[in-house]
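2 protein chains.
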Amino acid sequence: MLERIHLAIIREVDRQGSLTAAANTLCLTQSALSHSIKKLEQQLDTDIWLREGRSLRPTQAGQYLLAVANRVLPQLSLAEEQLRQFAQGERGTLRIGMECHPCYQWLLKVVSPYLEAWPDVDVDVKQKFQFGGIGALFGYEIDMLVTPDPLYKPGLHFEPVFDYEQVLVVSRHHHLAKQSYVEPEQLSHETLITYPVEINRLDIYNQFLQPAGIHPKSHKTIETTDIMLQMVASNRGVAALPRWLVEKYAHEIAIAPVQLGQRGIAKQIFLGAREADVNIDYLKAFFQTARSAPF
Amino acid sequence: MLERIHLAIIREVDRQGSLTAAANTLCLTQSALSHSIKKLEQQLDTDIWLREGRSLRPTQAGQYLLAVANRVLPQLSLAEEQLRQFAQGERGTLRIGMECHPCYQWLLKVVSPYLEAWPDVDVDVKQKFQFGGIGALFGYEIDMLVTPDPLYKPGLHFEPVFDYEQVLVVSRHHHLAKQSYVEPEQLSHETLITYPVEINRLDIYNQFLQPAGIHPKSHKTIETTDIMLQMVASNRGVAALPRWLVEKYAHEIAIAPVQLGQRGIAKQIFLGAREADVNIDYLKAFFQTARSAPF
DNA sequence: AACAATCAATTAATTTTATTCATACATAAA
DNA sequence: TTTATGTATGAATAAAATTAATTGATTGTT
Numbered sequence: 001m002l003e004r005i006h007l008a009i010i011r012e013v014d015r016q017g018s019l020t021a022a023a024n025t026l027c028l029t030q031s032a033l034s035h036s037i038k039k040l041e042q043q044l045d046t047d048i049w050l051r052e053g054r055s056l057r058p059t060q061a062g063q064y065l066l067a068v069a070n071r072v073l074p075q076l077s078l079a080e081e082q083l084r085q086f087a088q089g090e091r092g093t094l095r096i097g098m099e100c101h102p103c104y105q106w107l108l109k110v111v112s113p114y115l116e117a118w119p120d121v122d123v124d125v126k127q128k129f130q131f132g133g134i135g136a137l138f139g140y141e142i143d144m145l146v147t148p149d150p151l152y153k154p155g156l157h158f159e160p161v162f163d164y165e166q167v168l169v170v171s172r173h174h175h176l177a178k179q180s181y182v183e184p185e186q187l188s189h190e191t192l193i194t195y196p197v198e199i200n201r202l203d204i205y206n207q208f209l210q211p212a213g214i215h216p217k218s219h220k221t222i223e224t225t226d227i228m229l230q231m232v233a234s235n236r237g238v239a240a241l242p243r244w245l246v247e248k249y250a251h252e253i254a255i256a257p258v259q260l261g262q263r264g265i266a267k268q269i270f271l272g273a274r275e276a277d278v279n280i281d282y283l284k285a286f287f288q289t290a291r292s293a294p295f
Numbered sequence: 296m297l298e299r300i301h302l303a304i305i306r307e308v309d310r311q312g313s314l315t316a317a318a319n320t321l322c323l324t325q326s327a328l329s330h331s332i333k334k335l336e337q338q339l340d341t342d343i344w345l346r347e348g349r350s351l352r353p354t355q356a357g358q359y360l361l362a363v364a365n366r367v368l369p370q371l372s373l374a375e376e377q378l379r380q381f382a383q384g385e386r387g388t389l390r391i392g393m394e395c396h397p398c399y400q401w402l403l404k405v406v407s408p409y410l411e412a413w414p415d416v417d418v419d420v421k422q423k424f425q426f427g428g429i430g431a432l433f434g435y436e437i438d439m440l441v442t443p444d445p446l447y448k449p450g451l452h453f454e455p456v457f458d459y460e461q462v463l464v465v466s467r468h469h470h471l472a473k474q475s476y477v478e479p480e481q482l483s484h485e486t487l488i489t490y491p492v493e494i495n496r497l498d499i500y501n502q503f504l505q506p507a508g509i510h511p512k513s514h515k516t517i518e519t520t521d522i523m524l525q526m527v528a529s530n531r532g533v534a535a536l537p538r539w540l541v542e543k544y545a546h547e548i549a550i551a552p553v554q555l556g557q558r559g560i561a562k563q564i565f566l567g568a569r570e571a572d573v574n575i576d577y578l579k580a581f582f583q584t585a586r587s588a589p590f
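Quick mapping for you: the protein sequence lines, in order, are chains F and X. Position 194 of the first sequence, counted from 1, bears residue number 194 in my numbering, the numbering being contiguous throughout. Just remember that my numbering sits 295 ahead of the position in the second sequence, which is counted from 1.
Below, the structure is given as structure tokens:
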């Protein structure tokens with residue numbers, strides 16, 4: 001039978017490079033691991049490593065088991081962690097994933113009243129997922145997803161929690177700053193500064209520039225909002241961000257929001273979770289807190 | 296440590312209703328299970344069942360562990376099965392999921408040349424998923440999904456494999472049978488027969504009737520294609536199906552296809568898989584076989 | 001109310017399994 | 001060569017899981 005220890009050994013040998021090193025981190029002897037795996041190999045009737053000299057190279061079966069280990073072991077650790085929290089009377093950890101940069105600013109405002117209302121629930125925020133936010137939900141990496149891009153599929157529950165307007169941000173001294181709105185053409189001589197994501201995922205691109213067939217003069221990417229806004233303020237380029245975010249910073253930094261197009265660009269942020277979980281009280285409460293967030 | 300046996304016991308007690316019965320199916324004694332779980336409870340410092348008289352009712356922790364068991368145990372069994380197949384020189388089993396009724400007819404035509412080309416790969420077709428096709432892909436229930444409804448998300452790879460036209464099917468003696476196409480209004484006095492799925496997922500509804508604000512006189516659902524066509528032939532109603540499917544049956548059953556609207560309804564079937572898997576040779580080959588299918 | 005049947009818990013004995021120790025063997029580097 | 005470092009193996013040992021036998025509790029039946 002394939003046991004947890006086998007997966008642990010396989011994962012650790014992959015990480016450490018040798019049985020001996022793996023044995024140390026697992027607090028066992030090299031001999032113990034060798035015996036364990038040998039027995040498993042006999043049961044499965046297939047080798048897990050090719051023994052080349054004194055190094056171990058995983059066979060096809062070994063590679064497959066490594067993938068299984070990397071997938072399954074975290075699920076078991078998570079289960080133990082959850083149970084530990086149950087035992088201590090805590091409610092658990094709400095693991096929130098985020099797929100968009102402005103979501104982070106919004107989330108901060110929601111998390112703080114939530115933590116007050118639910119003192120025995122911890123909140124953990126993750127931003128990188130191997131298989132994207134949806135995959136992270138399905139794979140139990142996270143329990144909740146904040147995204148501009150919902151997915152109405154069986155097994156998942158999404159609801160909009162926050163409407164905002166995406167606007168152009170320019171320096172307060174920029175010639176566009178006084179206009180009530182900009183047309184796509186007016187950006188063809190501007191430098192566009194965005195977060196480092198696929199260009200197709202940027203609203204200003206696929207909802208504004210792309211339909212008009214316009215390209216900005218150049219395109220720079222910057223990780224952090226603060227630096228991005230500093231760049232905009234010093235007239236190195238223009239950016240597209242939520243209006244509320246721009247207004248929040250406008251006191252400190254010399255920037256101004258400008259509506260994108262005659263109608264503006266309306267956006268929504270959605271909160272999603274596994275359908276099976278939406279009745280867990282502390283999760284349900286997060287939806288409520290999110291809906292009644294102060295915006 | 297939470298071990299496989301613990302999860303197996305918890306799942307089996309849930310299924311069988313008692314420790315004694317679970318012990319039998321697990322080929323152990325009731326005492327063994329009792330000891331195992333008791334030890335686990337001590338380690339986790341939480342009860343798994345409430346002992347009420349002589350019956351066991353899962354606690355919150357128990358319910359949580361049951362969910363973990365139902366999720367994790369199949370992954371381990373699958374891994375063992377895969378390894379067994381590796382060991383025997385077989386390539387494995389390609390587990391294909393399907394989300395649409397006409398896909399099945401199409402799939403049959405693809406599977407047969409594939410099985411010939413890959414004699415050491417088995418194909419298994421599943422049609423019901425707890426969390427939908429996407430969830431089944433992410434949850435390793437299936438390796439490949441046939442769907443009219445692709446999802447371009449990180450972690451998944453989709454490609455179109457088959458274009459077809461969705462047409463109205465009527466009895467050969469029906470007054471619409473001679474028309475070159477039908478307008479939505481002409482269906483307002485017809486009985487519409489469909490597969491038993493959500494009405495919003497039906498193309499004839501959301502792409503044809505809905506936009507025109509038309510409702511059919513009545514709506515019946517039928518599971519099987521053959522019976523559905525028999526019903527249509529005997530003038531009990533009209534249906535919407537792929538043109539190629541209608542033409543295939545038209546020799547045996549007195550039915551006729553009619554184009555939906557002036558432009559017709561164009562449809563595509565997509566094949567999807569986990570990105571991590573698309574380089575597995577026998578999986579890649581299925582994509583190729585599918586693309587070059589005889590349509 | 002008494003009785004049999006059913007089920008889980010417990011203790012002690014036993015069996016099985018995992019682990020270590022000591023050592024052999026193989027390889028790469030000095 | 002020699003040395004250092006790695007894995008494999010057999011026998012001994014420690015640890016663990018499992019069983020057998022029994023108790024106590026509960027449920028259903030007569």
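Idealized CB from N, CA, C, for every residue including glycine. If you're wondering where the values come from, they're calculated on a predicted model, not measured in any experiment.
Going by DSSP, what residues sit across from residue i in a beta bridge?
| i | result |
| --- | --- |
| Arg346(X) | Leu351(X) |
| Val462(X) | Leu536(X) and Gln554(X) |
| Gly92(F) | Val121(F) |
| Leu487(X) | His514(X) and Val533(X) |
| Pro160(F) | Phe270(F) |
| Gly392(X) | Lys421(X) and Leu440(X) |
| Tyr181(F) | Gln259(F) |
Can you tell me whether residue i is helix, strand or coil according to DSSP?
| i | result |
| --- | --- |
| His6(F) | helix |
| Val197(F) | coil |
| His514(X) | strand |
| Asp124(F) | strand |
| Gln268(F) | strand |
| Arg586(X) | helix |
| Ala136(F) | helix |
| Tyr447(X) | coil |
Got a sec: is the Cβ-Cβ distance from residue i to anything in chain X below 9 Å?
| i | result |
| --- | --- |
| Val182(F) | no |
| Arg71(F) | yes |
| Ala276(F) | yes |
| Leu209(F) | no |
| Phe286(F) | no |
| Ala79(F) | yes |
| Glu3(F) | yes |
| Pro58(F) | no |
| Pro150(F) | no |
| Lys178(F) | no |
| Arg11(F) | no |
| Phe131(F) | yes |
| Phe270(F) | no |
| Tyr205(F) | no |
Below 9 Å between beta carbons: does that hold for residue i and residue j?
| i | j | result |
| --- | --- | --- |
| Tyr164(F) | Ile269(F) | yes |
| Ile429(X) | Lys153(F) | yes |
| Gln325(X) | Phe86(F) | no |
| Thr194(F) | Gly272(F) | no |
| Val533(X) | Glu480(X) | no |
Check whether the Cβ of residue i lies closer than 9 Å to any Cβ atom in chain F.
| i | result |
| --- | --- |
| Met439(X) | no |
| Gln370(X) | yes |
| Asp340(X) | yes |
| Ala362(X) | yes |
Please report the straight-line C-alpha distance between residue i and residue j, rounded to a whole angstrom.
| i | j | result |
| --- | --- | --- |
| Leu192(F) | Asp149(F) | 23 Å |
| Phe131(F) | Leu451(X) | 8 Å |
| His396(X) | Ala412(X) | 26 Å |
| Leu26(F) | Phe433(X) | 30 Å |
| Gln555(X) | Leu504(X) | Reading the sequence as shown, one finds Leu at residue 555(X) and not Gln. The straight-line gap from Cα to Cα measures roughly 10 Å. |
| Val121(F) | Val278(F) | 16 Å |
| Ile214(F) | Leu187(F) | 8 Å |
| Lys248(F) | Ala212(F) | 30 Å |
| Lys515(X) | Arg531(X) | 10 Å |
| Glu81(F) | Pro74(F) | 10 Å |
| Ser112(F) | Gln288(F) | 14 Å |
| Ser55(F) | Ser18(F) | 7 Å |
| Val161(F) | Cys103(F) | 11 Å |
| Ile343(X) | Ala327(X) | 16 Å |
Cβ of residue i within 8 Å of any heavy atom in the ligand COA?
| i | result |
| --- | --- |
| Asn574(X) | You won't find the ligand COA in this model; it holds no ligand whatsoever. |
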